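Report on the following structure.
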């Protein structure tokens with residue numbers, strides 16, 4: 029198997045399994061709303077399109093670097109680690125997870141497992157996978173897509189932060205004071 033095939037399979041398996049896993053989420057009691065979420069969703073769509081423009085075999089001035097085979101396999105490993113970290117967080121959150129910004133019945137601060145390392149570990153894992161995908165591609169499109177995805181992820185994380193502070197109050201404030209938002213071991 030080539031690295032490009034492994035990268036494609038990892039992302040396809042993640043997307044398919046993530047969509048199926050959405051079925052075991054509890055219903056939302058309160059939502060942030062489509063209007064609040066439209067900003068990051070647009071960034072995610074544009075970023076994903078740019079990041080996943082095929083780069084295999086492309087030679088030209090829009091390719092900035094070409095990883096050698098060991099470097100490409102390191103990128104594959106980093107993508108797998110990022111996706112695994114996101115899945116760990118998704119499973120740890122359980123039925124409280126939602127693809128949108130919501131509050132569920134009995135919503136509470138989860139601060140164990142990956143949520144003891146960062147407040148948004150799903151995004152942390154996806155950011156690692158996205159950055160490794162960009163490094164494996166080495167194209168202007170990959171960099172532009174990654175930039176849009178990072179902006180979109182940070183935008184959604186901040187929207188979630190504001191929403192959760194409103195729903196969970198001081199419990200979330202205390203958690204946010206102790207645990208960094210996206211980068212493990214960074215100051216909170």
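Residue numbers (my numbering): 29 to 216.
C-beta: ideal position from N, C-alpha, C; glycine also.
Given the structure is predicted, the values throughout are model-derived calculations rather than measurements.
(request) Taking only the alpha-carbon atoms, compute the straight-line gap between residue 131 and residue 93 and give it to the nearest angstrom. (result) 44 Å
(request) Determine the burial state of residue 29: buried for a count of at least 16 other Cβ atoms within 10 Å of its Cβ, exposed for fewer. (result) exposed
(request) Report, in whole angstroms, the separation of the C-beta atoms of residue 35 and residue 161, which I expect to be a contact under 8 Å. (result) 6 Å
(request) Look up residue 91 in the DSSP assignment and give the residues it is bridged to. (result) 167
(message) Given this structure, state the Cα-to-Cα distance separating residue 118 from residue 173, to the nearest angstrom.
(response) 24 Å
(message) DSSP has residue 59 in a bridge; who is on the other side?
(response) 130
(request) Note down the Cα distance separating residue 153 from residue 103, rounded to an integer number of angstroms. (result) 14 Å
(message) Can you find the residues in the same chain that come closer than 6 Å, C-beta to C-beta, to residue 147, ignoring five residues on each side of it along the sequence?
(response) 207, 209
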